[in-house]
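Numbering (full-length UniProt numbering), first residue to last: 1 to 104.
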């Protein structure tokens, strides 16, 4: 996984409380894809999804906004991340190719 060091003066990046600072937006912009999960997703599911991604060496960033938890990642890693299937539920991986069932 890639380590990023963030430096900068906080006062330069002040924004409204509902906006992310510029440096955080730049960091998030380094990724080319995102998964937007509802903020009320179960912590057990989120933990299982993140551990599965780590085990599969997915480079990702985790961001939190008012109503969403965002997993930013690079294209091609979708098979290791949560996605919403046709049953309207969140699963880890692509539909019909779920590699891991966190309820086991």
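For glycine and all other residues, C-beta sits at the position ideal for the given N, C-alpha and C.
Since this is a predicted model, take the numbers as computed values, not measurements.
- Three or more Cβ pairs closer than 8 Å define a contact, and the stretch 71-88 meets that threshold against the stretch 46-57.
- Residue 35 sits in a strand when the DSSP states are folded into three classes.
- When secondary structure is reduced to three states using DSSP, residue 85 falls in the coil class, being assigned neither helix nor strand.
- Here the alpha carbons of residue 24 and residue 66 stand approximately 15 Å from one another.
- Annotated three-state conformation of residue 76 is coil, per DSSP.
- In the structure shown, residue 93 adopts coil according to DSSP, grouped into three states.
- Our two residues, residue 93 and residue 21, have alpha carbons roughly 31 Å apart in a direct line.
- Contact between residue 75 and residue 28 does not hold, since their C-beta atoms are separated by about 15 Å, which reaches or exceeds 8 Å.
- For residue 35, the closest C-alpha among the options 68, 45, 42, 48 is that of 68.
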